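Residue numbers (UniProt numbering), protein chains in the order written: chain W, 1 to 451; chain F, 1 to 451.
Note that CB positions come from ideal geometry on N, CA and C, so glycine has one too.
As the structure is a prediction and not an experimental result, all values here were calculated from the model.
Rendered as structure tokens:
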């Protein structure tokens, strides 16, 4: 019976804490020895600085590189500081070149020199070629361990060649067929290799339609293509179709996870993933930009209200009703933007559909404004026995929801036209517009018709 | 030279629109014939209902099933309505059983019967077994096309067996080694198979440590494990370790994308992904719950203000300053929650760290409150020449940010204790608390000390 390595082991953090309390570092080492680097990373992240350093010292040096890769940058940086150059070089040597490239930004020049010195010539050239591309491109994602074959040999020869290698690079589901100038002419899937007759030639069984990535393709596009076409690996080529390397699905899965995480952090206005045990000062620094931006928009909204203080003094009910108008505007505006950003991401917004969509969003906001604004108007009347106040409430809600719909459509489209990410920051901007706009519309109408 | 199938073709929607305008359906058919089902889905989604139906009629029936799978449910439902039972059955037959299972919820009983009738006995049993598990479990994700081998045979025999099959299931990177009761005892990676000597026995080269999923494992956990352990495929087993099927990384990538999409929709309070060309009425229905919830919380906040109308009448500056206190509270509370939810998702919150974290968040909010609140206090003094008003402003900001930090920590933890998703709905709740709380604290302090 095979031993089962369960995908989830929620109590290892507890076990490690217990062993630390007992001062039994040998036991810590024993626990860690059985764990996957990803699990060790989770434990380290869950520990305060001091025990974290103790546990880190118990990690097998062969696994340190992989563990570092699994950690968010804030924690990774702290652990790297605990290691000397020789240890770092040893940890790096156990990694693939594309993974070493991911660690490089954290390392000092001395350590980098030490690592380069420790690598053999071929690996050094590989690392060099990966490092020459930005981290968020196909070139930055690729590994340089692709197996290539020529199209005129038989499968028998390919099989013998593979057997002589004794090991295949991880996630090798296809071999790349190249011509004598290293240009990609096709791919030979391992499945074909296993199921075809051995006397056939590569050219007879290879696939000539190859999904390949120019080396500067943004990583988001690579991820989208892997998802659409269910890829396991794909070649990376230069402008002349020369094979430079290959991207594997595990790296793409990491890109997807990082994208989702980045999105979550952006939404809350956090600069980077925080180390749970970071100091108060580090935490404040990570969060202050967003607080400052929101403070500025809040002060603007506050000054809009300030301009109508005379009206509020005369009819104080305005003060308690105005936040409703502003708040609901922000909510519905963000609903609109979410749908627009989605359509943009899927490349579905043509000129025609854009106009249709805009018209629809305005109509939706009109319906919402009349229905919800109508209800609020009735509520205002019931509370303050003032019919005109109710009418102003309904009118203001309707107008602000229409403003919200317009902003919700136009802000992401404008950002896109300016070459920016349509999603980032849209939410702050919409809320700013619907807050200030909502206060202005409601208090303005009230000033005109009520006081 | 191999033909290049580029990963991104942004102009196909335009080409299709042009062909439609010219009334040339043959050309539409020609464009679609070269495209991947995922790309056809993107085009269909980008078209209004009428041309969408026209284009749908030009899709090859062999691809219809895969195209349907790539569409969001709203659009999929509309297209299914355009097809008769025979066409649906034909489209389904071209799919894997796990993919047919994903389509079933959209189909009428008649069509399901027709599909079942069209399948052979083995496929019918497979479909049955996949359908008996919830869609969001390992069982719902799995396919039943795993290749199994016994441990006492030689690799030579395995190779001959594979060659006789002529085709391997997609993403076959490993074969499952089972005993005579179909219990999983190990895995034989294709890489090992290709690089080991053919006279060796499976038992000599197989991996005995198998990452496998009990059939009821939630799909989120499956996705996390695939990401952590860089898996391409993994076996699904019942409680007695019998092999039921296998999960492949392409399905996991879909789960990850759906999770990210679900999160985005939840955040904006959208029930499901909208068809861009849905009617106003359908759109309003998709969005109304969220608007209603926010309306209720806004009305509560409004009533808190209403209770202090006397104070506002006496000191109207309160009306323009109060939204700042409330707003910044919501922003910082959501920052705190984002970090807590992240730590919870990674399983890093022990009892000790929870207390430390809570203490840190309170300290961060204290610093923020004094710094930003101090600035606002000065602003209030400059605007209204009232020192006490400035002091109240600073105090209210500090207290509301501390309330925000507490809510930001406690709400996700409480939701988790109640067995709910800690992320969902937290944002609405925190904003509700910091809005009403902010108004109450600021207006309450003002009433006590200023008027």
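Residue i, enclosing beta strand (DSSP E) - first and last residue
i: residue 245 of chain W; result: 243 to 248
i: residue 176 of chain W; result: 174 to 178
i: residue 80 of chain F; result: Careful: residue 80 of chain F lies outside any beta strand (DSSP E), inside the alpha helix (DSSP H) at 73 to 81.
i: residue 364 of chain W; result: Run containing residue 364 of chain W: none in the beta strand (DSSP E); it sits in the alpha helix (DSSP H), 351 to 384.
i: residue 316 of chain F; result: It is not in any beta strand (DSSP E) - residue 316 of chain F carries neither H nor E in the DSSP assignment.
i: residue 18 of chain W; result: Not the beta strand (DSSP E): residue 18 of chain W falls in the alpha helix (DSSP H), residues 12 to 21.
i: residue 422 of chain W; result: It is not in any beta strand (DSSP E) - residue 422 of chain W carries neither H nor E in the DSSP assignment.
i: residue 234 of chain F; result: 233 to 237
Range covered by the alpha helix (DSSP H) that runs through residue i
i: residue 408 of chain F; result: 387 to 417
i: residue 441 of chain W; result: 426 to 449
i: residue 302 of chain F; result: 280 to 306
i: residue 129 of chain F; result: 121 to 131
i: residue 51 of chain W; result: 49 to 56
i: residue 28 of chain W; result: 25 to 33
i: residue 41 of chain W; result: 37 to 45
i: residue 225 of chain F; result: 219 to 229
Residue i versus residue j: straight-line alpha-carbon distance, rounded
i: residue 51 of chain F; j: residue 20 of chain F; result: 7 Å
i: residue 414 of chain W; j: residue 314 of chain F; result: 44 Å
i: residue 159 of chain F; j: residue 168 of chain W; result: 17 Å
i: residue 8 of chain W; j: residue 221 of chain F; result: Note on residue 8 of chain W: pLDDT 45, under 50, position unreliable in the model; the coordinate value appears next. Roughly 8 Å separates the two Cα atoms.
i: residue 60 of chain F; j: residue 417 of chain F; result: 51 Å
i: residue 407 of chain F; j: residue 126 of chain W; result: 50 Å
i: residue 28 of chain W; j: residue 290 of chain W; result: 40 Å
i: residue 409 of chain F; j: residue 13 of chain W; result: 21 Å
i: residue 266 of chain W; j: residue 206 of chain F; result: 45 Å
i: residue 45 of chain F; j: residue 354 of chain F; result: 46 Å
i: residue 4 of chain F; j: residue 179 of chain W; result: Because residue 4 of chain F carries a pLDDT of 41, less than 50, the predicted location of this residue cannot be relied on, and no value is offered for it.
i: residue 420 of chain F; j: residue 294 of chain W; result: 30 Å
i: residue 134 of chain F; j: residue 74 of chain F; result: 20 Å
i: residue 392 of chain W; j: residue 446 of chain W; result: 6 Å
i: residue 2 of chain W; j: residue 175 of chain W; result: For residue 2 of chain W, the predicted model reports a pLDDT of 38, less than 50, meaning its position is unreliable; a value from the coordinates is still stated below. Their Cα atoms are separated by approximately 31 Å.
i: residue 347 of chain W; j: residue 47 of chain F; result: 12 Å
i: residue 112 of chain F; j: residue 79 of chain F; result: 16 Å
i: residue 320 of chain W; j: residue 377 of chain F; result: 22 Å
i: residue 30 of chain W; j: residue 234 of chain F; result: 27 Å
i: residue 147 of chain W; j: residue 118 of chain F; result: 42 Å
i: residue 330 of chain F; j: residue 139 of chain W; result: 41 Å
i: residue 223 of chain W; j: residue 345 of chain W; result: 13 Å
i: residue 242 of chain F; j: residue 141 of chain F; result: 17 Å
i: residue 6 of chain F; j: residue 177 of chain W; result: Residue placement at residue 6 of chain F is poorly supported in this model, since its pLDDT is 42, which falls under 50; the coordinates are not used for a value here.
i: residue 311 of chain F; j: residue 383 of chain W; result: 18 Å
i: residue 334 of chain W; j: residue 367 of chain W; result: 17 Å
i: residue 434 of chain W; j: residue 403 of chain W; result: 7 Å
Interface residues of chain F facing residue i [CB-CB closer than 7 Å]
i: residue 306 of chain W; result: 320
i: residue 291 of chain W; result: 328, 331, 332, 368, 372
i: residue 87 of chain W; result: Within chain F, no residue comes near residue 87 of chain W; the closest Cβ sits about 24 Å away, beyond 7 Å.
i: residue 171 of chain W; result: 232
Supposed contact pair residue j and residue i - C-beta distance, whole angstroms, cut 8 Å
i: residue 245 of chain F; j: residue 143 of chain F; result: 6 Å
i: residue 202 of chain F; j: residue 151 of chain F; result: 5 Å
i: residue 400 of chain W; j: residue 325 of chain W; result: 5 Å
i: residue 162 of chain F; j: residue 196 of chain F; result: Not a contact, Cβ separation roughly 14 Å.
Contacts of residue i in chain W (Cβ-Cβ under 7 Å)
i: residue 204 of chain F; result: Residues of chain W passing the Cβ test: none, with the nearest at roughly 14 Å.
i: residue 302 of chain F; result: 320, 321, 323, 324
i: residue 411 of chain F; result: Neighbours of residue 411 of chain F on chain W: none; closest Cβ ~14 Å, over 7 Å.
i: residue 264 of chain F; result: 338
i: residue 160 of chain F; result: Chain W residues near residue 160 of chain F: none, gap ~11 Å exceeds 7 Å.
i: residue 52 of chain F; result: Here the premise fails: no neighbours, minimum Cβ distance about 11 Å.
Amino acids of chain F, ordered along the chain, whose beta-carbon sits closer than 9 Å to that of residue i
i: residue 48 of chain W; result: 352, 353, 356
i: residue 299 of chain W; result: 324, 376, 379
i: residue 442 of chain W; result: Those do not exist, as residue 442 of chain W stays about 12 Å from chain F at its closest Cβ, beyond 9 Å.
Beta-carbon neighbours of residue i, restricted to chain F and to distances below 8 Å
i: residue 447 of chain W; result: The contacting residues do not exist; residue 447 of chain W stays about 14 Å from chain F at best.
Proximity test, residue i beta-carbon vs the ligand ATP heavy atom, cut-off 6 Å
i: residue 118 of chain W; result: Ligands in the displayed structure: none, and consequently the ligand ATP is not present.
Per-residue contacts from residue i into chain W (C-beta, under 8 Å)
i: residue 226 of chain F; result: 253
i: residue 483 of chain F; result: No answer is possible for residue 483 of chain F: it lies beyond the span of chain F, which begins at 1 and ends at 451.
Chain W residues whose Cβ lies nearer than 9 Å to that of residue i
i: residue 256 of chain F; result: 227, 253, 256, 257, 260
I'd like the ranges of any beta strand (DSSP E) spanning at least 3 consecutive residues and lying wholly in the UniProt domain "CBS" (142 to 205) of chain W. Qualifying beta strand (DSSP E) stretches, in chain order: 174 to 178, 184 to 189.
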